[in-house]
Amino acid sequence: MKEKVMNGLQRFSKAMFIPVLILPIAGILIAIGNIFTNQKLLEAVPFLNNPITTGFGTILSGSLVSILTNLGVIFCVGLAVGLAKKKKAEAGFTALLAFLVFINAMNKFMELNKTLISAKDLQGTGQTMVLGVQILDMGVFLGIILGIIVGIVHNRFIDTEFKSAFQIYGGSRFVFIVIIPVTVLLAILLTYIWPIIQTGISSMGGFIKQTGNFGIFLYGSLERLLIPTGLHHLVYTPFLYTSLGGTEQIAGHIYEGARNIYYAEMADPAIHLLSKSVIWDARGISKMFGLIGACLAMYHTAKPENKTRVKAILIPAVVTSFLAGVTEPIEFSFMFLAPLLFVVHAGLAGLSMVVLNILNVRAIGPNGFLDFLLYNVPLGVGKTHWPMYILVGIAFFFIYYVVFRALITLLNLKTVGREDDAKDVKLYSKKDFKEKEKSKATVKDVGNTGNNAVPAALIVSALGGEDNIESVTNCYTRLRTVLKDPSVVKEDVLKNETGASGLIVKGQNVQVVYGLQVTAVRKAVDAELGISDMDAELE
1 MKEKVMNGLQ RFSKAMFIPV LILPIAGILI AIGNIFTNQK LLEAVPFLNN PITTGFGTIL
61 SGSLVSILTN LGVIFCVGLA VGLAKKKKAE AGFTALLAFL VFINAMNKFM ELNKTLISAK
121 DLQGTGQTMV LGVQILDMGV FLGIILGIIV GIVHNRFIDT EFKSAFQIYG GSRFVFIVII
181 PVTVLLAILL TYIWPIIQTG ISSMGGFIKQ TGNFGIFLYG SLERLLIPTG LHHLVYTPFL
241 YTSLGGTEQI AGHIYEGARN IYYAEMADPA IHLLSKSVIW DARGISKMFG LIGACLAMYH
301 TAKPENKTRV KAILIPAVVT SFLAGVTEPI EFSFMFLAPL LFVVHAGLAG LSMVVLNILN
361 VRAIGPNGFL DFLLYNVPLG VGKTHWPMYI LVGIAFFFIY YVVFRALITL LNLKTVGRED
421 DAKDVKLYSK KDFKEKEKSK ATVKDVGNTG NNAVPAALIV SALGGEDNIE SVTNCYTRLR
481 TVLKDPSVVK EDVLKNETGA SGLIVKGQNV QVVYGLQVTA VRKAVDAELG ISDMDAELE
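Per UniProt numbering, residue 1 is the first one in the sequence shown, and the count goes up by one each step.
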């Protein structure tokens with residue numbers, strides 16, 4: 001039972017990537033649109049102050065904000081596609097139909113029960129307008145619930161076929177036939193059940209808000225601690241995109257979740273209030289500053305003969321963490337060799353959020369320095385206090401460095417360059433290491449050399465061969481596989497010969513960390529296994 005639950009959570013976490021990874025792109029484009037309508041910028045750069053550029057900025061930011069007000073349907077379709085094991089396009093189409101059926105079924109049932117509220121402003125009534133239809137205000141949870149149900153029904157009935165005259169009703173059409181009564185019944189049940197659930201969600205958000213900095217510390221620490229399981233997305237997503245992260249009315253619209261509120265404020269330069277979110281998106285301190293200090297500590301405490309190797313390993317990881325916010329290559333460099341450091345890292349990540357909250361800093365930088373500039377600078381210092389964010393980041397760079405160096409030295413922790421295994425550490429001279437890196441470049445340089453550069457056959461072999469692999473997916477940095485027998489995985493081959501920086505085994509779920517090049521690795525592995533783009537599970 002425990003393994004089934006974990007497998008289900010793993011699959012749900014992977015499926016969440018489809019809608020979640022699209023939203024930062026929308027946020028960046030909203031920020032770009034805001035640049036062209038920022039009054040202070042227009043005064044400083046007069047040639048931008050013309051109807052063409054300002055009109056472009058207004059249209060860009062205004063059109064993309066509509067994504068934030070329709071997250072329910074986006075999560076519904078995205079989750080259904082992510083959870084579907086085959087025929088993902090049909091699953092997404094069915095999810096859209098199910099969403100339309102649900103909102104209209106709930107509206108008609110509430111109309112029959114005479115529970116629809118007649119009011120121009122529905123804020124605070126527990127009801128809202130979704131795609132022009134008045135229903136209970138379920139926010140993004142509606143999309144999550146429907147997406148999961150559609151995914152389950154789709155996987156259960158997509159292979160159902162009939163004979164003779166009824167064969168036209170098989171496959172995806174039968175899935176839709178089953179979905180209709182399920183969706184209508186769910187709409188009726190949630191009309192009674194959801195107000196109770198919403199009360200619980202509000203109480204949870206209230207509890208976190210009442211606990212103040214302690215709640216923020218727990219959130220920040222837990223989000224990092226769950227990195228090894230791959231379930232950390234389940235921690236931050238509800239706070240970023242649901243009412244758990246706060247609710248604000250901006251320009252006549254209700255926005256739920258820290259990230260949505262932030263994006264909405266970016267889209268309207270007239271808004272000058274800081275987000276009152278219970279928890280906002282402040283994960284960037286450890287990513288852009290803290291872990292760089294940790295890397296410097298690991299370099300300074302490495303054995304002298306290994307420092308060249310350590311530098312070659314850590315510098316690319318530092319650049320990736322600072323610019324793109326991808327931290328797993330660094331975290332995996334000490335997660336299993338020195339787990340105490342990972343616990344300390346999680347605690348410091350939570351503490352950094354507390355410090356920002358105390359200083360009333362509302363800048364965000366979840367995906368590195370480039371996003372940090374686009375998101376915060378156009379809004380000005382008054383809204384986000386972004387210069388203070390950088391000062392706090394610099395302070396945590398030194399805190400990480402001092403704490404990591406002290407713990408590594410005092411406890412003789414086996415971080416990168418301090419391992420006892422001479423084969424791993426002393427085998428390579430600088431020349432030897434460069435030659436070894438050339439073989440690893442088959443993964444690191446895939447963006448320029450194509451899929452043929454990825455040692456896909458070696459990866460498949462190290463995972464136990466084609467017959468041992470049940471499914472292959474990927475997230476932002478990990479190749480995620482389900483294996484029949486995880487015990488046959490050759491971890492040393494994956495790390496030393498294919499460029500992997502870490503391996504996580506949870507039951508039959510085996511995740512191999514490759515970093516930002518994982519998409520190219522996934523495509524090469526798919527090709528090696530004979531999986532076409534149509535059959536691949538896109539995450």
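Ideal Cβ positions, reconstructed from N, Cα and C, are used throughout, including at glycine. Quantities reported herein were computed from a predicted structural model and do not represent experimental measurements.
Segment limits, alpha helix (DSSP H) that includes residue i
i, result
"Thr320", "307 to 324"
"Gly245", "Gly245 -> no alpha helix (DSSP H), and no H or E assigned at all."
"Thr415", "That residue, Thr415, is in no alpha helix (DSSP H); it is neither H nor E in DSSP."
"Leu291", "291 to 301"
"Val482", "Looking at the DSSP string, Val482 is not in any alpha helix (DSSP H); the run it does join, the beta strand (DSSP E), is 478 to 483."
"Asn496", "491 to 497"
"Phe332", "328 to 334"
"Ser461", "456 to 462"
"Ala520", "518 to 529"
"Val361", "No alpha helix (DSSP H) contains Val361, which DSSP labels as neither H nor E."
"Val381", "381 to 384"
For residue i, three-class secondary structure by DSSP
i, result
"residue 548", "No answer is possible for residue 548: the residues shown for the chain start at 1 and end at 539."
"Pro19", "helix"
"Phe433", "Its pLDDT being 39, under 50, Phe433 is placed unreliably in this model, and the value from its coordinates should be taken loosely. Phe433 falls in the helix class under three-state DSSP."
"Asp445", "Reliability fails at Asp445, whose pLDDT of 45 lies under 50, so the model's placement of it is uncertain and no value is given."
"Ile469", "strand"
"residue 567", "An answer regarding residue 567 cannot be provided, because it is not within the stretch 1 to 539 covered by the chain."
"Asn474", "strand"
"residue 584", "The requested residue 584 is not part of the displayed model; the chain covers only 1 to 539."
"Ala282", "coil"
"Lys85", "coil"
"Thr183", "helix"
"Thr211", "helix"
"Phe12", "helix"
"Thr37", "coil"
"Val45", "coil"
"Asn260", "helix"
Beta-carbon gap between residue i and residue j smaller than 8 Å
i, j, result
"Val510", "Thr473", "no"
"Thr221", "Gly347", "Contrary to the premise, residue 221 reads as Ser rather than Thr in this sequence. Yes, these two residues count as a Cβ contact at 8 Å."
"Val140", "Asn104", "no"
"Val392", "Val343", "no"
"Phe75", "Pro19", "yes"
"Ala15", "Leu79", "yes"
"Pro486", "Val512", "no"
"Thr477", "Val518", "yes"
"Asn107", "Ile216", "no"
"Leu136", "Thr54", "no"
"Ile201", "Ser243", "yes"
"Ala385", "Asn360", "The amino acid occupying residue 385 in the given sequence is His; Ala does not appear at that position. Taking 8 Å as the Cβ cut-off, His385 and Asn360 qualify as a contacting pair."
"Pro304", "Ala317", "no"
"Pro455", "Thr409", "no"
"Thr301", "Thr415", "yes"
"Lys371", "Gly380", "For the sequence presented, residue 371 should be read as Asp rather than Lys. No, the pair does not count as a contact, with Cβ atoms beyond the cut-off."
"Ala297", "Tyr219", "no"
Span of the beta strand (DSSP E), counted from its first residue to its last, around residue i
i, result
"Ile254", "253 to 256"
"Ile504", "502 to 506"
"Met129", "127 to 130"
"Ile227", "Note, Ile227: premise wrong, no beta strand (DSSP E); not H, not E."
"Ser352", "No beta strand (DSSP E) contains Ser352, which is instead part of the alpha helix (DSSP H) from 339 to 358."
"residue 626", "One cannot answer for residue 626 here, as it falls past the ends of the chain, which runs 1 to 539."
Residue i: CB within 7 Å of a non-hydrogen atom of the ligand ATP
i, result
"Asn468", "This structure lacks the ligand ATP; in fact it carries no ligand of any kind."
- Query: Taking contact to mean at least 3 C-beta pairs separated by less than 8 Å, is the stretch 487 to 497 in contact with the stretch 455 to 475?
  - Reply: yes
- If we count Cβ pairs, one from each stretch, closer than 8 Å, do we get three or more for the stretch 281 to 289 versus the stretch 392 to 410? Enough Cβ pairs lie closer than 8 Å, so yes.
- Query: Given 8 Å as the limit, is there contact between the stretch 87 to 97 and the stretch 142 to 161, that is, 3 or more CB pairs closer than that?
  - Reply: yes
- Query: Does the stretch 29 to 38 come close enough to the stretch 369 to 383 that 3 or more CB-CB pairs lie under 8 Å?
  - Reply: Note that the stretch 369 to 383 touches the stretch 29 to 38; at least 3 beta-carbon pairs, one per stretch, sit closer than 8 Å.
- Task: List in chain order: all unbroken alpha helix (DSSP H) runs of 4+ residues lying wholly within the stretch 112 to 181.
- Result: 140 to 157
- Message: Tell me whether the stretch 333 to 353 and the stretch 248 to 264 touch, counting them as touching only if at least three CB pairs, one residue from each stretch, are closer than 8 Å.
- Response: no
- Query: Does the pairing of the stretch 77 to 86 with the stretch 133 to 153 give three or more beta-carbon distances under 8 Å?
  - Reply: These segments touch.
- Contact between the stretch 320 to 330 and the stretch 291 to 300 (3+ Cβ pairs under 8 Å): yes
- Whole alpha helix (DSSP H) elements within the stretch 52 to 82, 4-residue minimum: For the stretch 52 to 82, not a single whole alpha helix (DSSP H) run of length 4 or above is found.
- Message: When you compare the stretch 107 to 115 with the stretch 169 to 181, are there three or more beta-carbon pairs, one atom per stretch, that lie closer than 8 Å?
- Response: The stretch 169 to 181 and the stretch 107 to 115 do not touch, with fewer than three beta-carbon pairs separated by less than 8 Å.
- Message: Quick test of the definition: if touching needs 3 or more C-beta pairs under 8 Å, does the stretch 306 to 316 touch the stretch 182 to 194?
- Response: no
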